[in-house]
Each structure stands twice: as structure tokens, then as C-alpha cells.
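Structure record follows, encoded as C-alpha cells.
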Amino acid sequence: MKEHSILLIDGSRASRAIISKSIHKQLSNTQLTDVESATTALQYCQTSTFDLIITAMSLPDMQAQEFAAAFRKNCNDSDTPIIMMSGDFTHNIKNDTASPHINGYFDKSKGNEHLIEYIQSYLSLSLWNKALRCHVLFVEDSPTVTRVVSNMLDNNRFSYQHVNNAADALTLLAMTQDPDNTDKAFDIVLTDIQLEGLMSGDDLIREIRFGLGLMPDELPILVSTSPHPNRTDHINKIISAGANDIIEKPLIESLLIARMSNLVN
Numbered sequence: 331m332k333e334h335s336i337l338l339i340d341g342s343r344a345s346r347a348i349i350s351k352s353i354h355k356q357l358s359n360t361q362l363t364d365v366e367s368a369t370t371a372l373q374y375c376q377t378s379t380f381d382l383i384i385t386a387m388s389l390p391d392m393q394a395q396e397f398a399a400a401f402r403k404n405c406n407d408s409d410t411p412i413i414m415m416s417g418d419f420t421h422n423i424k425n426d427t428a429s430p431h432i433n434g435y436f437d438k439s440k441g442n443e444h445l446i447e448y449i450q451s452y453l454s455l456s457l458w459n460k461a462l463r464c465h466v467l468f469v470e471d472s473p474t475v476t477r478v479v480s481n482m483l484d485n486n487r488f489s490y491q492h493v494n495n496a497a498d499a500l501t502l503l504a505m506t507q508d509p510d511n512t513d514k515a516f517d518i519v520l521t522d523i524q525l526e527g528l529m530s531g532d533d534l535i536r537e538i539r540f541g542l543g544l545m546p547d548e549l550p551i552l553v554s555t556s557p558h559p560n561r562t563d564h565i566n567k568i569i570s571a572g573a574n575d576i577i578e579k580p581l582i583e584s585l586l587i588a589r590m591s592n593l594v595n
């Protein structure tokens, strides 16, 4: 079995010790390098390669997003996924700590057990590399949003096909189910919940699940939606229809790519 290599960056010696202990205990065949500062991490990355980089949000010499940008620019293995840990997950989503160079965000309040599971999802499934090869069905009727999200997908080297209504999306999905069809099958659906035409995003999800019979583990569906006054009920309705996950607008590139990457099995 191939040995995985992880770089851990955290200014807190105690935090590094706790995370290191959990990784060594629960992840066999894993080599861990832990450092205090981003500067030291960048020096390591000049001569070593890693399967995954885990960093605290605030480091002694710079913020995680600054480190990530420097890593992408200056290090040889610049496609390595980077996870940022923070105790203020809501702040990460809504404020300027998000970065197009960071692939995933972990809420430290979930504890080390969930952190290990999150790390495993990147190591065992090679999510980042697999995401780069996946084919996306992108359903969106707003020309502005289509342009913005298409740029995000292009930036991260996803292949995708765009349609602006549910009926066209279902036609394409039905075609890929035909054994005689040679078109590439879709690995994930990214759809707005409000679509032009007779069918809404809810209708599209239900037709995918119950009309075409494509279950969540066969074809993940990520739904983009505007903030809703009855947020909990709104989210429950979408998940009940058969969506795997939801992301709220305005979309942040790093969060969108991380969510999609984690849904590709």
C-alpha cells in the first residue's frame, strides 16, 4: 500500500501534537510532517511533495490563504489539495477567508474524529485529482451566473455541459443512460433551484431520482440556492427531494469546488 504524506501547519504546538497523535493512531501508512509557520512549510515544499496539506487559518507569519497562494505559485506539486481548519466556520463561508487556492474547509468544533474522516476522504479517494477528471451537468438559467460559474469550472479544469432548463438536463441524462450512446456520462449535477420553464430545480431532482432512477450514490446533485427567509424548511425541502448537498449564493469558488470534489465518489 502506498504511503501517504501529509504536511500539517499550525502555530500551536499543543494543537499539532493532538492532531499528529490522532493521525498516527488512526491513519496507518501515513507520514506526517508538522511545522509551525508558513515560511517553513514553503521551504519543505520546495524539496518534498505531499498528498495533502492541512493548515490552521491563522499562522504566525501569514494567513492560510496567503500561504496557499504562495504554494500554488512557487511549489512544484502545486495541485496538492489544501485543507484549512478553523473554529469559526461561518466566518470562513461568509467573509474574506475563502480562497480559490484552498480546496476544503474544516470546522474544528466537529473534533479530531471528524477531522480524520475528512482527511481520509482526500487520501483514500484522491478526490482532488478525480474531481479534475469528472464531467459536470451544469443547469442554470441566469446568463450572469452561468458566466461566473463557468469561469470557476474552467479555472479548476472541470469538463462540463451547460443547459438552462430542467427538460434539457433530463434529455441529456436520459441519453447517457442509453447503452448505445457514446457520449461521456455525467459524474455530478450542479443545478440552480429556480429554473425557467415548466420544471423547477425541485422537479429536476425528483425526476433524476425517481424518473431516471439515479440514486445519490450514483449521481450526486449539488444545488445552488439564494438565501431563504425560512432557511431550515427550504433546505429540508431540497434535501428531501433527493439533493446530496446545498450551496448558497453568492457562490465562492473555493467552496464550490470543495463541495463538488467531496461529492465525487
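In our numbering, the protein residues as written are 331 to 595. Backbone N, C-alpha and C define an ideal beta-carbon position, used for all residues, glycine too.
Report yes if the C-beta distance between residue i and residue j is below 8 Å; otherwise report no.
i: Asp381; j: Thr410; result: yes
i: Val469; j: Val493; result: yes
i: Ile353; j: Ile446; result: yes
i: Ile383; j: Asn442; result: no
i: Val466; j: Leu581; result: no
i: Gln361; j: Ser335; result: yes
i: Asp517; j: Cys464; result: yes
Looking only at its own chain, which residues have a Cβ that is under 6 Å from the Cβ of residue i, when we skip the five neighbours before and after it?
i: Asn486; result: Ile587
i: Leu455; result: Residue confidence for Leu455 is low, a pLDDT of 47 falling below 50, so the modelled location carries little weight; the figure read from the coordinates is stated next. Result list for Leu455: empty, nothing under 6 Å.
i: Thr369; result: Asp391
i: Gly434; result: Ile413 and Ala588
i: Thr379; result: Asp407
i: Phe488; result: Val466
i: His564; result: His558
i: Tyr490; result: Val466, Phe468 and Leu483
Flag residue i as yes if its beta-carbon sits less than 8 Å from any beta-carbon of chain D, otherwise no.
i: Thr521; result: Among the chains of the structure shown, chain D does not appear; only one protein chain is present.
Where does residue i land, buried or exposed, given buried means 16+ other C-beta within 10 angstroms?
i: Ser554; result: buried
i: Gln376; result: exposed
i: Met505; result: exposed
i: His444; result: exposed
i: Ser358; result: exposed
i: Ser439; result: exposed
i: Pro509; result: exposed
i: Ala573; result: buried
So residue i and residue j are supposed to be a Cβ contact under 8 Å. How far apart are they, rounded?
i: Ile432; j: Ser584; result: 5 Å
i: Leu503; j: Ile538; result: 7 Å
i: Leu525; j: Asp471; result: 5 Å
i: Thr385; j: Ala399; result: Their Cβ separation, rounded to whole angstroms, is 12 Å, which puts Thr385 and Ala399 out of contact at 8 Å.
Can you give me the Cβ contacts of residue i inside the same chain, cut-off strictly under 7 Å, excluding the 5 residues immediately before and after it?
i: Ala371; result: Leu337, Ile339, Val365 and Phe397
i: Gly527; result: Asn495, Ala496 and Ala497
i: Asp533; result: Ala496
i: Gln507; result: Leu542
i: Asp513; result: Met505 and Thr506
i: Leu389; result: Ile339, Gly341, Ser367, Ala368 and Phe397
i: Thr476; result: Glu470 and His492
i: Asp575; result: Leu552, Arg589 and Leu593
i: Leu453; result: His334, Asp381 and Leu382
Among the residues of its own chain, which have a CB less than 8 Å from the CB of residue i, if the five just before and after it don't count?
i: Gly541; result: Leu500
i: Ala571; result: Asp532, Ile535, Arg536 and Arg539
i: Asp522; result: Val469, Glu470, Asp471, Ser472, Val475, Gly531, Val553, Ser554 and Thr555
i: Lys579; result: Val475, Ser554, Thr555, Ser556 and Pro557
i: Lys424; result: Because Lys424 carries a pLDDT of 41, less than 50, the predicted location of this residue cannot be relied on, and the following value inherits that uncertainty. There are no such residues.
i: Ser350; result: Leu338, Leu362 and Asp364
i: Thr420; result: Unreliable placement is indicated for Thr420, whose pLDDT of 48 sits below 50; the coordinate value is still reported in the next sentence. Cβ within range, chain order: n/a, list empty.
i: Leu457; result: Bear in mind that a pLDDT of 46 at Leu457, under 50, signals an unreliable position, so the number given afterwards is only what the model happens to contain. Counting only Cβ-Cβ distances below 8 Å, and skipping sequence neighbours, we find Pro411, Ser451, Ser591, Asn592 and Val594.
i: Arg343; result: Glu366
i: Cys405; result: Leu372, Cys375 and Gln376
i: Arg402; result: Ser408 and His431
i: Asn511; result: Met505
i: Lys567; result: Asp532
Could you please give me the residues that DSSP links to residue i through a beta bridge?
i: Arg364; result: Rather than Arg, the amino acid found at residue 364 in this sequence is Asp. In the DSSP output, where bridge partners are listed per residue, Asp364 has Leu338.
i: Val594; result: Val594 pairs with nothing; no bridge assigned.
i: Leu520; result: Phe468 and Leu552
i: Thr385; result: Ile339 and Met414
i: Asp510; result: The partner list for Asp510 (beta bridge, DSSP) is empty, contrary to what the question assumes.
i: Phe436; result: Met415
i: Tyr490; result: Val466
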